[in-house]
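Inspection log for the structure reproduced underneath, given as structure tokens.
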Amino acid sequence: MPKFLHDDTGALGPRNAAVSGSIEHKMGIKGSATNVMNFDGATGFLIGAHNAGLACMFTMMNYERLSVGLQGLGAGEAASQFASSYANDRLQGRSPAGPVRPDAPADPLTVHPDVRRMLLTICAFTEAGRAFAVMVGRELDRAKHLNDWQAQVFSELLTPIAKSFLTDRGFDSAVLAQQVYGGHGYIAEWGVEQLVRDARIAQIYEGTNGVQAMDFIGRKVLRDGGATLQAFLTQMRQEAIPPRFEAECADAELRLARVTGRLVERTRGDMDLPGAVATDYLELAALTIYARLWARMVQVAEAGVQADPQLATHKARTAAFFFARLLPKTLALEQTIEAPSSSVDL
Numbered sequence: 031m032p033k034f035l036h037d038d039t040g041a042l043g044p045r046n047a048a049v050s051g052s053i054e055h056k057m058g059i060k061g062s063a064t065n066v067m068n069f070d071g072a073t074g075f076l077i078g079a080h081n082a083g084l085a086c087m088f089t090m091m092n093y094e095r096l097s098v099g100l101q102g103l104g105a106g107e108a109a110s111q112f113a114s115s116y117a118n119d120r121l122q123g124r125s126p127a128g129p130v131r132p133d134a135p136a137d138p139l140t141v142h143p144d145v146r147r148m149l150l151t152i153c154a155f156t157e158a159g160r161a162f163a164v165m166v167g168r169e170l171d172r173a174k175h176l177n178d179w180q181a182q183v184f185s186e187l188l189t190p191i192a193k194s195f196l197t198d199r200g201f202d203s204a205v206l207a208q209q210v211y212g213g214h215g216y217i218a219e220w221g222v223e224q225l226v227r228d229a230r231i232a233q234i235y236e237g238t239n240g241v242q243a244m245d246f247i248g249r250k251v252l253r254d255g256g257a258t259l260q261a262f263l264t265q266m267r268q269e270a271i272p273p274r275f276e277a278e279c280a281d282a283e284l285r286l287a288r289v290t291g292r293l294v295e296r297t298r299g300d301m302d303l304p305g306a307v308a309t310d311y312l313e314l315a316a317l318t319i320y321a322r323l324w325a326r327m328v329q330v331a332e333a334g335v336q337a338d339p340q341l342a343t344h345k346a347r348t349a350a351f352f353f354a355r356l357l358p359k360t361l362a363l364e365q366t367i368e369a370p371s372s373s374v375d376l
């Protein structure tokens, strides 16, 4: 729908009747104006064939969902930088094990275990999210430039995870960063409260994350009985990881396969079930994939330890946190997915 109409020669004619009625007042992203548009009497042009508009839209929408996933990843990275900087600079209290900075009036926030938990949670999800985004980009490149059909299928499989999980963790990371700041996090001048407000929209637009989860469990997994998901995990297993992570990665993948098989069976007699467990199932799949990504990052970092020993140490410590504190969430997710769909009845 153009702003100006044109005649048969292509010359600009009168202005189209599409006008902005008002500007919305939003929770966040206030630098991006969201308008109420009025189209009474406006002239629009059909793109594509009759009754095929939805298919045309999704050509664009799938790329938009990947872009929004990157927006969520960016929020997580900003949260990591905010929280890390503040926690290292802010002096508050003393370490439970005794003063770390006896020459100073207090120790930095990083001496407190719960603060370190929040910092590591942000870091673990953000760095794994970055590796995940690169992996999706690799599949897109293979599909486009090598005409790799399998890569195209894998990129479609991963798109709802990219949109949903990256934005959920991005918002969660922003909230954790605000928590690290304490009362300062609630004050606008410190900036982190704006990050919380701005990150929230990414979970909503271009298809809410609940819709993404429904797409993942229905169209991407149950439709072929989980075959594409298992093929993708098989491809991931071709890349070397440190032996110390192999058992935990394998256990998570077996859990995902077991849950998927059960869902295929249970859905035949309960059409409400996929919707009842979709969000939990997407999180289970994402954590399982992240586990192998973290193991792979450690493998690469430790192979180059002489070039960057600090990076190798950081990756190993953050991976240890992920496997000890975040991957075990898959145990609870399996249990909630096994609950009957009637458990969400009102």
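Residue numbering for the sequence shown is 31 to 376, as defined by the working numbering.
Virtual Cβ for every residue (Gly too), placed ideally from N, Cα, C.
Remember, it's a predicted structure, so these values are computed and weren't measured experimentally.
DSSP, read as helix, strand or coil, puts M67 in strand. When Cβ pairs closer than 8 Å are counted between the two stretches, the stretch 205 to 212 is seen not to touch the stretch 54 to 71, the count staying below three. For the pair A282 and A321, the CB atoms are nearer than the 7 Å cut-off. Sixteen is the threshold: since fewer than 16 other Cβ atoms of the shown chains lie within 10 Å of the Cβ of S62, the residue is exposed.
Rounded to the nearest whole angstrom, the CA to CA distance from E169 to A306 is 30 Å.
Nearest in C-alpha terms to H344, of all of W324, L357, A136, L356, is W324. Per DSSP, the continuous alpha helix (DSSP H) segment holding S185 begins and ends at 179 to 211.
The beta carbon of R172 sits closer than 7 Å to the beta carbons of D178, A181 from its chain, once the five residues preceding and following it are set aside; these are given in chain order.
Shortest Cα-Cα distance from Q101 to any of T197, A362, G215, G255 involves T197.
E276 and R267 have their C-alpha atoms spaced approximately 10 Å apart. Taking all protein chains shown into account, V226 has 16 or more neighbouring C-beta atoms within 10 Å of its C-beta and is therefore buried. Checking the DSSP bridge columns, you'll see H36 partnered with L42. Closest option to D300, judged by alpha-carbon separation, among R124, T156, T73, E368: E368. In the three-state reduction of the DSSP assignment, G240 falls in the helix class, which pools H, G and I. Here I152 is buried: its Cβ has 16 or more other Cβ atoms, across all protein chains shown, within 10 Å. It is roughly 7 Å from the alpha-carbon of G104 to the alpha-carbon of G200.
In this structure, M31 is the residue among D37, A41, M31 with its C-alpha nearest to the C-alpha of A47. F351 is the residue among F351, I271, D228 whose C-alpha sits nearest the C-alpha of E157. Residue pairing by DSSP puts V49 in a beta bridge opposite N68. Per DSSP, N81 is not a residue of any alpha helix (DSSP H), being assigned neither H nor E.
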